[in-house]
Amino acid sequence: MKENQQIVKEIEFVEYDENKMVAAVVSRWTKEAGTMLPKEPEEILFLLENSVSVVAWEYGRTPKPIGFGAVTFEWSDNWIELGAIVVGTSHREMGLGHAIVGKLIEAAKSKHPKANLFALCNEKSLKIFLDHGGEVITKPGILPDEVFGECINCPKFDQAKWQNKLCCDIPVKIK
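At the far end of the sequence shown sits residue 195, using this note's numbering, and the numbering has no gaps.
Have a look at this one:
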């Protein structure tokens, strides 16, 4: 447990020259996950350089990224989406996703104090966001319609469509 706690303590805001390396690694993770929208390295690099992003690092001989999360979109009506939450396979089930989400919520609230924060959660991230005070959005029309425009690019889009759902993920508002 001590080792896991140490890993979780090593979360920092991204202010490194290693942005391109981080973008390539995180992009690969999003493509391998199969439970989220895959992101190209250029998209991750944009988030690193222009948005609120959190990277968890493992420090050894060479520091390496082990987890990531970001403010992925700023939508109409002051809705801010938190997303691209991903942890490297060798560091999963250690509480790292919880720590990344906690830091990301804190940073997003600091930068966007009057915004409505939300996340589109899959089965893995739902519990994490609920643990951080999130509430499932059950009423249609609360989120702007354009939020669901990206769903067509999701690997699970057909599955959601077969179930007569707009999106395979569960929208969660963060308090």
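Beta carbons are placed, not taken as given, at the ideal position from N, Cα and C, and that holds for glycine.
Out of the options, state which residue places its alpha-carbon closest to the alpha-carbon of residue i.
i	options	result
Ile105	Lys129, Ile172, Gly54	Gly54
Val121	Glu94, Gly87, Asn136	Gly87
Phe138	Cys188, Thr109, Glu63, Asn98	Asn98
Val75	Pro160, Cys171, Val107	Val107
Gly103	His118, Pro160, Glu113	His118
Asn136	Glu143, Thr109, Ala180, Val91	Val91
Leu116	Asn142, Gly89, Ile100	Gly89
Glu126	Pro160, Val72, Thr158, Pro175	Val72
Here's a check: name, in chain order, each residue in its chain whose Cβ is nearer than 7 Å to the Cβ of residue i, leaving out the five neighbours to either side.
i	result
Leu65	Asn39, Lys40, Ala43
Round the Cβ separation of residue i and residue j to the nearest angstrom and send it over; I've been treating them as touching at under 8 Å.
i	j	result
Asn173	Leu67	The pair is not a contact, with the Cβ atoms about 16 Å apart (cut-off 8 Å).
Glu170	Ser96	Rounded, the Cβ-Cβ distance is 14 Å, inconsistent with contact.
Glu155	Lys195	7 Å
Please report how far the alpha carbon of residue i lies from the alpha carbon of residue j, in whole angstroms.
i	j	result
Leu146	Lys193	11 Å
Pro61	Arg48	8 Å
Pro85	Val45	8 Å
Tyr79	Ile190	34 Å
Lys51	Lys59	7 Å
Glu94	Leu140	13 Å
Ser110	Lys144	16 Å
Leu163	Met114	32 Å
Take residue i and list the residues in its own chain whose beta-carbon comes closer than 6 Å to its own, dropping the five residues that flank it on each side.
i	result
Pro83	Trp77
Excluding the 5 residues flanking residue i on each side, which residues of the same chain have their C-beta closer than 8 Å to its C-beta?
i	result
Lys181	none
Quick check: the segment 126-134 against the segment 145-162, are at least 3 beta-carbon pairs closer than 8 Å?
no
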